[in-house]
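Here the structure is laid out as C-alpha coordinates; the discussion comes afterwards.
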Amino acid sequence: MTRFTLIMLLFGVGVGIAQKQVDPNKPDEQLTKAEAEMRIQEWEGKINRLQAEYQAVSAEVQRLELQLSEVAQSIRRCNEEIYALLGVTEASVESFRQRLGVIEGRIRQYRGLSDEVLAERRAEIAALEADLNALRTEKVALLPEFYNRIIELAREIRGLYREPKVKTYTVGTWAHDRDCLWNISAKPHIYGNPFQWVKIWQANTDQIRNPDLIYPGQVLRVPPPGEKTPEELKAERAYYRKKYLEQQRKAQQTAEAQQQSPAPQPQQPKRGGE
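In terms of the numbering used here, the sequence shown opens at residue 1263 and continues consecutively.
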(Lines of atoms letter the chains of each structure in order from A and count residues from 1; the text may use other names and numbers.)
(Lines give C-alpha, C1' and ligand atoms only; values in the text may rest on other atoms or scores of the structure.)
Protein backbone atom coordinates (compact mmCIF):
# COMPACT_ATOMS: atom_id res chain seq x y z
CA MET A 1 0.00 0.00 0.00
CA THR A 2 1.45 3.31 -1.07
CA ARG A 3 1.68 6.31 1.25
CA PHE A 4 -0.89 8.20 -0.86
CA THR A 5 -3.37 5.37 -0.63
CA LEU A 6 -2.95 5.23 3.19
CA ILE A 7 -3.53 8.97 3.52
CA MET A 8 -6.70 8.80 1.41
CA LEU A 9 -7.97 5.86 3.44
CA LEU A 10 -7.49 7.73 6.74
CA PHE A 11 -9.13 10.80 5.26
CA GLY A 12 -12.11 8.76 4.14
CA VAL A 13 -12.50 7.17 7.60
CA GLY A 14 -12.41 10.64 9.20
CA VAL A 15 -15.03 11.93 6.83
CA GLY A 16 -17.21 8.92 7.54
CA ILE A 17 -16.94 9.47 11.29
CA ALA A 18 -17.71 13.16 10.91
CA GLN A 19 -20.76 12.31 8.85
CA LYS A 20 -22.01 9.99 11.61
CA GLN A 21 -21.86 12.71 14.32
CA VAL A 22 -25.22 14.30 15.13
CA ASP A 23 -25.52 18.07 15.23
CA PRO A 24 -25.82 18.83 18.99
CA ASN A 25 -28.06 21.84 18.25
CA LYS A 26 -30.58 19.78 16.32
CA PRO A 27 -33.85 19.27 18.30
CA ASP A 28 -34.72 15.70 19.27
CA GLU A 29 -38.01 15.76 17.37
CA GLN A 30 -36.18 16.44 14.10
CA LEU A 31 -33.77 13.53 14.41
CA THR A 32 -33.96 10.50 12.22
CA LYS A 33 -34.04 7.08 13.78
CA ALA A 34 -30.34 6.56 13.14
CA GLU A 35 -29.49 9.98 14.56
CA ALA A 36 -31.65 9.40 17.62
CA GLU A 37 -29.87 6.10 18.26
CA MET A 38 -26.51 7.81 17.92
CA ARG A 39 -27.53 10.56 20.37
CA ILE A 40 -28.73 7.94 22.84
CA GLN A 41 -25.42 6.16 22.51
CA GLU A 42 -23.58 9.45 23.17
CA TRP A 43 -25.55 10.05 26.34
CA GLU A 44 -25.07 6.49 27.49
CA GLY A 45 -21.33 6.95 26.99
CA LYS A 46 -21.37 10.13 29.03
CA ILE A 47 -23.35 8.43 31.78
CA ASN A 48 -20.94 5.52 31.84
CA ARG A 49 -17.96 7.89 32.10
CA LEU A 50 -19.62 9.85 34.93
CA GLN A 51 -20.46 6.64 36.77
CA ALA A 52 -16.87 5.51 36.46
CA GLU A 53 -15.65 8.88 37.76
CA TYR A 54 -18.17 8.72 40.65
CA GLN A 55 -17.00 5.24 41.59
CA ALA A 56 -13.38 6.38 41.53
CA VAL A 57 -14.18 9.43 43.70
CA SER A 58 -16.23 7.28 46.10
CA ALA A 59 -13.36 4.87 46.46
CA GLU A 60 -10.99 7.79 47.17
CA VAL A 61 -13.42 9.21 49.76
CA GLN A 62 -13.63 5.84 51.50
CA ARG A 63 -9.85 5.61 51.53
CA LEU A 64 -9.53 9.11 53.02
CA GLU A 65 -12.25 8.43 55.60
CA LEU A 66 -10.43 5.31 56.70
CA GLN A 67 -7.19 7.27 56.89
CA LEU A 68 -8.93 10.04 58.87
CA SER A 69 -10.37 7.48 61.29
CA GLU A 70 -6.93 6.01 61.85
CA VAL A 71 -5.48 9.49 62.50
CA ALA A 72 -8.32 10.30 64.93
CA GLN A 73 -7.71 7.07 66.83
CA SER A 74 -4.00 7.86 66.96
CA ILE A 75 -4.72 11.35 68.32
CA ARG A 76 -7.13 9.90 70.88
CA ARG A 77 -4.55 7.43 72.11
CA CYS A 78 -1.94 10.18 72.26
CA ASN A 79 -4.31 12.42 74.29
CA GLU A 80 -5.08 9.58 76.67
CA GLU A 81 -1.37 9.09 77.28
CA ILE A 82 -0.87 12.82 77.91
CA TYR A 83 -3.92 12.94 80.25
CA ALA A 84 -2.49 10.03 82.20
CA LEU A 85 0.89 11.73 82.38
CA LEU A 86 -0.63 14.96 83.75
CA GLY A 87 -3.10 13.19 86.00
CA VAL A 88 -6.19 14.76 84.39
CA THR A 89 -9.38 13.37 82.90
CA GLU A 90 -11.35 14.12 79.78
CA ALA A 91 -14.08 15.69 81.95
CA SER A 92 -11.62 18.07 83.61
CA VAL A 93 -10.22 19.01 80.20
CA GLU A 94 -13.73 19.78 78.91
CA SER A 95 -14.46 21.87 82.01
CA PHE A 96 -11.22 23.79 81.48
CA ARG A 97 -12.10 24.33 77.82
CA GLN A 98 -15.47 25.83 78.74
CA ARG A 99 -14.05 28.15 81.41
CA LEU A 100 -11.38 29.35 79.03
CA GLY A 101 -14.06 29.97 76.42
CA VAL A 102 -15.94 32.21 78.87
CA ILE A 103 -12.79 34.31 79.35
CA GLU A 104 -12.35 34.55 75.58
CA GLY A 105 -15.93 35.78 75.23
CA ARG A 106 -15.42 38.48 77.85
CA ILE A 107 -12.23 39.63 76.12
CA ARG A 108 -14.16 40.01 72.86
CA GLN A 109 -16.74 42.14 74.66
CA TYR A 110 -14.09 44.41 76.16
CA ARG A 111 -12.41 44.86 72.77
CA GLY A 112 -15.53 46.63 71.53
CA LEU A 113 -15.46 49.28 74.28
CA SER A 114 -14.01 52.77 74.06
CA ASP A 115 -10.82 53.81 75.85
CA GLU A 116 -12.84 55.88 78.34
CA VAL A 117 -15.01 52.90 79.32
CA LEU A 118 -12.00 50.60 79.53
CA ALA A 119 -10.31 53.09 81.86
CA GLU A 120 -13.38 53.01 84.12
CA ARG A 121 -13.38 49.18 84.12
CA ARG A 122 -9.77 48.63 85.10
CA ALA A 123 -10.90 46.68 88.16
CA GLU A 124 -12.99 44.32 86.01
CA ILE A 125 -10.10 43.77 83.61
CA ALA A 126 -7.78 43.06 86.54
CA ALA A 127 -10.29 40.50 87.84
CA LEU A 128 -10.42 38.90 84.39
CA GLU A 129 -6.63 38.69 84.33
CA ALA A 130 -6.70 37.08 87.77
CA ASP A 131 -9.19 34.46 86.50
CA LEU A 132 -6.88 33.62 83.59
CA ASN A 133 -3.87 33.40 85.88
CA ALA A 134 -5.81 30.99 88.08
CA LEU A 135 -6.42 28.76 85.06
CA ARG A 136 -2.72 28.88 84.20
CA THR A 137 -1.91 27.18 87.50
CA GLU A 138 -3.90 24.07 86.56
CA LYS A 139 -2.17 21.09 84.95
CA VAL A 140 -4.60 21.14 82.03
CA ALA A 141 -3.06 24.45 80.91
CA LEU A 142 0.06 22.52 79.86
CA LEU A 143 -1.81 20.70 77.09
CA PRO A 144 -0.81 21.81 73.56
CA GLU A 145 -4.44 22.73 72.88
CA PHE A 146 -4.35 25.45 75.55
CA TYR A 147 -0.74 26.46 76.16
CA ASN A 148 -0.21 28.99 73.34
CA ARG A 149 -3.85 30.00 73.48
CA ILE A 150 -3.51 31.09 77.11
CA ILE A 151 -0.35 33.06 76.34
CA GLU A 152 -2.19 34.93 73.58
CA LEU A 153 -5.18 35.65 75.83
CA ALA A 154 -2.87 37.04 78.53
CA ARG A 155 -1.34 39.37 75.94
CA GLU A 156 -4.80 40.52 74.83
CA ILE A 157 -5.89 41.24 78.40
CA ARG A 158 -2.79 43.35 79.04
CA GLY A 159 -3.67 45.30 75.92
CA LEU A 160 -7.09 46.22 77.40
CA TYR A 161 -5.70 48.36 80.20
CA ARG A 162 -6.23 52.08 79.72
CA GLU A 163 -5.02 54.87 81.97
CA PRO A 164 -7.89 57.12 83.12
CA LYS A 165 -7.76 60.71 81.96
CA VAL A 166 -7.14 63.13 84.81
CA LYS A 167 -10.21 65.27 85.43
CA THR A 168 -9.73 68.58 87.28
CA TYR A 169 -11.86 71.18 89.00
CA THR A 170 -10.88 74.77 89.77
CA VAL A 171 -12.14 75.95 93.16
CA GLY A 172 -14.39 79.00 93.09
CA THR A 173 -15.29 81.40 95.88
CA TRP A 174 -17.56 80.52 98.77
CA ALA A 175 -19.66 83.64 98.23
CA HIS A 176 -20.34 82.88 94.57
CA ASP A 177 -19.91 79.12 94.18
CA ARG A 178 -20.33 77.80 97.74
CA ASP A 179 -17.33 75.58 97.01
CA CYS A 180 -16.24 73.07 99.62
CA LEU A 181 -15.33 69.42 99.07
CA TRP A 182 -18.82 68.32 100.06
CA ASN A 183 -20.54 70.69 97.60
CA ILE A 184 -18.02 70.05 94.82
CA SER A 185 -18.57 66.31 95.11
CA ALA A 186 -22.33 66.88 94.89
CA LYS A 187 -22.10 68.71 91.54
CA PRO A 188 -23.71 66.63 88.74
CA HIS A 189 -20.65 66.82 86.49
CA ILE A 190 -18.34 65.68 89.31
CA TYR A 191 -19.96 62.78 91.23
CA GLY A 192 -23.50 63.88 91.90
CA ASN A 193 -22.93 62.49 95.39
CA PRO A 194 -21.60 64.63 98.26
CA PHE A 195 -20.46 61.55 100.21
CA GLN A 196 -17.69 61.04 97.64
CA TRP A 197 -15.86 64.18 98.85
CA VAL A 198 -13.12 62.10 100.49
CA LYS A 199 -11.99 60.85 97.05
CA ILE A 200 -11.13 64.42 96.02
CA TRP A 201 -9.36 65.03 99.33
CA GLN A 202 -7.21 61.92 99.09
CA ALA A 203 -6.32 62.68 95.45
CA ASN A 204 -5.05 66.13 96.47
CA THR A 205 -3.30 65.64 99.83
CA ASP A 206 -0.31 67.48 98.39
CA GLN A 207 -2.32 70.72 98.48
CA ILE A 208 -5.14 69.99 100.95
CA ARG A 209 -3.89 69.53 104.51
CA ASN A 210 -7.25 70.23 106.13
CA PRO A 211 -10.28 69.11 104.07
CA ASP A 212 -12.33 71.88 105.66
CA LEU A 213 -10.05 74.49 104.06
CA ILE A 214 -9.75 74.92 100.30
CA TYR A 215 -9.00 78.15 98.51
CA PRO A 216 -10.24 79.83 95.31
CA GLY A 217 -8.05 79.09 92.33
CA GLN A 218 -6.86 75.68 93.52
CA VAL A 219 -6.92 73.13 90.70
CA LEU A 220 -8.06 69.83 92.21
CA ARG A 221 -7.68 66.42 90.62
CA VAL A 222 -10.97 64.51 90.46
CA PRO A 223 -10.57 60.69 90.50
CA PRO A 224 -12.99 58.50 88.53
CA PRO A 225 -16.24 57.66 90.34
CA GLY A 226 -16.53 54.34 92.09
CA GLU A 227 -16.44 52.63 95.44
CA LYS A 228 -14.23 54.20 98.08
CA THR A 229 -10.87 52.53 98.42
CA PRO A 230 -9.69 51.16 101.79
CA GLU A 231 -7.34 54.14 102.10
CA GLU A 232 -10.17 56.58 101.45
CA LEU A 233 -12.42 54.88 103.99
CA LYS A 234 -9.64 54.98 106.57
CA ALA A 235 -9.04 58.71 105.98
CA GLU A 236 -12.77 59.43 106.17
CA ARG A 237 -13.15 57.61 109.51
CA ALA A 238 -10.11 59.44 110.91
CA TYR A 239 -11.57 62.78 109.82
CA TYR A 240 -14.95 62.22 111.48
CA ARG A 241 -13.29 60.84 114.61
CA LYS A 242 -11.17 63.97 114.85
CA LYS A 243 -14.23 66.20 114.32
CA TYR A 244 -16.10 64.34 117.04
CA LEU A 245 -13.23 64.70 119.52
CA GLU A 246 -12.95 68.41 118.74
CA GLN A 247 -16.66 68.89 119.40
CA GLN A 248 -16.39 66.98 122.66
CA ARG A 249 -13.39 69.09 123.72
CA LYS A 250 -15.18 72.36 122.90
CA ALA A 251 -18.28 71.24 124.76
CA GLN A 252 -16.18 70.34 127.79
CA GLN A 253 -14.36 73.69 127.68
CA THR A 254 -17.68 75.53 127.51
CA ALA A 255 -19.03 73.60 130.47
CA GLU A 256 -15.89 74.28 132.53
CA ALA A 257 -15.99 77.97 131.69
CA GLN A 258 -19.59 78.19 132.83
CA GLN A 259 -18.70 76.46 136.11
CA GLN A 260 -15.76 78.80 136.82
CA SER A 261 -17.59 82.08 136.16
CA PRO A 262 -18.89 83.69 139.48
CA ALA A 263 -22.58 83.62 140.08
CA PRO A 264 -24.25 87.11 139.89
CA GLN A 265 -24.80 88.74 143.37
CA PRO A 266 -28.41 89.65 144.21
CA GLN A 267 -28.97 93.43 144.61
CA GLN A 268 -29.76 94.81 148.10
CA PRO A 269 -33.12 96.59 148.34
CA LYS A 270 -32.87 100.34 148.71
CA ARG A 271 -33.96 101.98 151.91
CA GLY A 272 -36.36 104.83 151.87
CA GLY A 273 -34.70 108.19 151.40
CA GLU A 274 -31.54 106.76 149.86
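Positions of the beta carbon are idealized from the N, C-alpha and C atoms, including for glycine. What you are looking at is a predicted structure, and each value in this text was computed from that prediction instead of being measured.
CA nearest to the CA of Lys-1449, picked from Glu-1414, Leu-1328, Trp-1463 and Tyr-1431
Tyr-1431
Using three-state DSSP, classify Lys-1496 as helix, strand or coil.
It is helical.
Can you name the residues that DSSP bridges to Thr-1432?
According to DSSP, residue pairing for Thr-1432 in a beta bridge involves Val-1481.
Within 10 angstroms of its Cβ, does Gln-1522 collect 16 or more other Cβ (buried), or is it exposed?
Counting Cβ neighbours within 10 Å, Gln-1522 comes out exposed, since fewer than 16 surround it.
Cα-Cα separation, Glu-1518 to Tyr-1506:
18 Å
So, for Pro-1426: in the same chain, excluding its five sequence neighbours on each side, which residues have a beta-carbon less than 6 Å away from its beta-carbon?
Around Pro-1426: Ala-1381 and Pro-1486.
How big is the Cα-Cα spacing for His-1451 and Ile-1462?
14 Å
Beta carbon of Leu-1397 nearer than 8 Å to that of Leu-1422
Their beta carbons are not under 8 Å apart, which means Leu-1397 does not touch Leu-1422 by this criterion.
Cβ-Cβ distance between Val-1379 and Lys-1429 below 8 Å:
Note that the C-beta distance between Val-1379 and Lys-1429 is not below 8 Å.
Report the option in Asn-1341, Ala-1416 and Ile-1344 whose CA atom is closest to the CA atom of Arg-1368.
Ala-1416
Per-residue DSSP class, three states only, for His-1438:
helix
Kindly indicate which residue of Leu-1405, Ala-1385 and Leu-1326 has the alpha-carbon position closest to the one of Arg-1359.
Leu-1405
Quick check: what's the CA-CA separation for Pro-1473 versus Leu-1443?
7 Å
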